[in-house]
Amino acid sequence: MTNTPSYQAYKALFHAQYNDLCNYAFSFLGNDAAAEDVVQETFIKLWQKHQELISIPNIRSYLFRAVRNNSISVLRKQQVEEAGNKAFEWLADVSEDPDEQERENAKPYYDQLIYEAIANLPPQCREVFTCCRLQGMTHQQAATKLGLSAKTVENYMGRALKLLRKYLQQYGLPAGILFLLKLSMSL
1 MTNTPSYQAY KALFHAQYND LCNYAFSFLG NDAAAEDVVQ ETFIKLWQKH
51 QELISIPNIR SYLFRAVRNN SISVLRKQQV EEAGNKAFEW LADVSEDPDE
101 QERENAKPYY DQLIYEAIAN LPPQCREVFT CCRLQGMTHQ QAATKLGLSA
151 KTVENYMGRA LKLLRKYLQQ YGLPAGILFL LKLSMSL
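Under UniProt numbering, the first residue of the sequence shown is numbered 1, with each subsequent residue one higher.
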């Protein structure tokens, strides 16, 4: 396999483009190790598809586009992980805070914001959200109760959650607080 013409061409392409592609990935990521990982992953994918890609007239442009897209994907994953970590840290801070009095003082404020957020939902979204999250109904049960299809209930729930996240983020609360909504409303 290492003596085949396609492997030799691949190897030559790798050595000719590796440094330029790493520099290009670094311009997005700002991290040498991450840039090298992206370039190596790009070359692995290239080798896996090399039979399909033989007819590409400008492989260099293809590689740069692939490295750009893969770098952007890495950045998106990092943003999602960071947002999740921040929400987790906030929830951990609240749940592991030794000062019980401070927690008790903050609870009415959070509850008020959640109630306001729910009250600001469009009427149908509010009704669906109340059935599904506060009353614990499934989408099918809520659909039957409200005379809607399950898909419509799902759409209203998605819209309600999106609007609630946006409202709560205005006050610096993480979207993760919505997971605790049923718990806090029942306390």
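Glycine included, each C-beta is placed from N, C-alpha and C at the ideal position.
Have a look at residue i and residue j and give me their C-alpha separation to the nearest angstrom.
{"i": "residue 47", "j": "residue 14", "result": "10 Å"}
{"i": "residue 71", "j": "residue 4", "result": "31 Å"}
{"i": "residue 158", "j": "residue 78", "result": "24 Å"}
{"i": "residue 30", "j": "residue 22", "result": "11 Å"}
{"i": "residue 170", "j": "residue 115", "result": "15 Å"}
{"i": "residue 139", "j": "residue 127", "result": "12 Å"}
{"i": "residue 144", "j": "residue 117", "result": "25 Å"}
{"i": "residue 12", "j": "residue 80", "result": "36 Å"}
{"i": "residue 136", "j": "residue 7", "result": "58 Å"}
{"i": "residue 58", "j": "residue 147", "result": "57 Å"}
{"i": "residue 112", "j": "residue 123", "result": "19 Å"}
{"i": "residue 142", "j": "residue 69", "result": "41 Å"}
{"i": "residue 26", "j": "residue 134", "result": "47 Å"}
By the 10 Å Cβ neighbour count, where 16 or more other Cβ atoms means buried, how is residue i classified, buried or exposed?
{"i": "residue 35", "result": "buried"}
{"i": "residue 82", "result": "exposed"}
{"i": "residue 199", "result": "Absent from the structure is residue 199, since the part of the chain shown begins at 1 and ends at 187."}
{"i": "residue 168", "result": "buried"}
{"i": "residue 97", "result": "Because the pLDDT of residue 97 is 47, which lies under 50, any placement of that residue in the model is unreliable, and the number read from its coordinates should be weighed accordingly. Exposed, since its Cβ has fewer than 16 Cβ neighbours within 10 Å."}
{"i": "residue 44", "result": "exposed"}
{"i": "residue 17", "result": "buried"}
{"i": "residue 156", "result": "buried"}
{"i": "residue 42", "result": "buried"}
{"i": "residue 63", "result": "buried"}
{"i": "residue 119", "result": "exposed"}
{"i": "residue 33", "result": "exposed"}
Out of the options, which has the shortest C-alpha to C-alpha gap to residue i?
{"i": "residue 39", "options": "73, 57 and 7", "result": "73"}
{"i": "residue 76", "options": "125, 153, 28 and 114", "result": "28"}
{"i": "residue 61", "options": "144, 24, 12 and 123", "result": "24"}
{"i": "residue 50", "options": "134, 32, 10 and 80", "result": "10"}
{"i": "residue 67", "options": "141, 142, 20 and 113", "result": "20"}
{"i": "residue 153", "options": "69, 130 and 12", "result": "130"}
Contact check, residue i vs residue j under 8 Å by CB: the rounded distance?
{"i": "residue 163", "j": "residue 125", "result": "7 Å"}
{"i": "residue 160", "j": "residue 121", "result": "5 Å"}
Practice task
Enumerate, from N- to C-terminal direction, the unbroken alpha helix (DSSP H) stretches of 4 or more residues contained entirely within the segment 104 to 157.
Solution key: 123 to 129 and 139 to 146
Handout entry: In chain order, each beta strand (DSSP E) run of at least 3 residues that lies wholly inside the segment 18 to 74
Key = none
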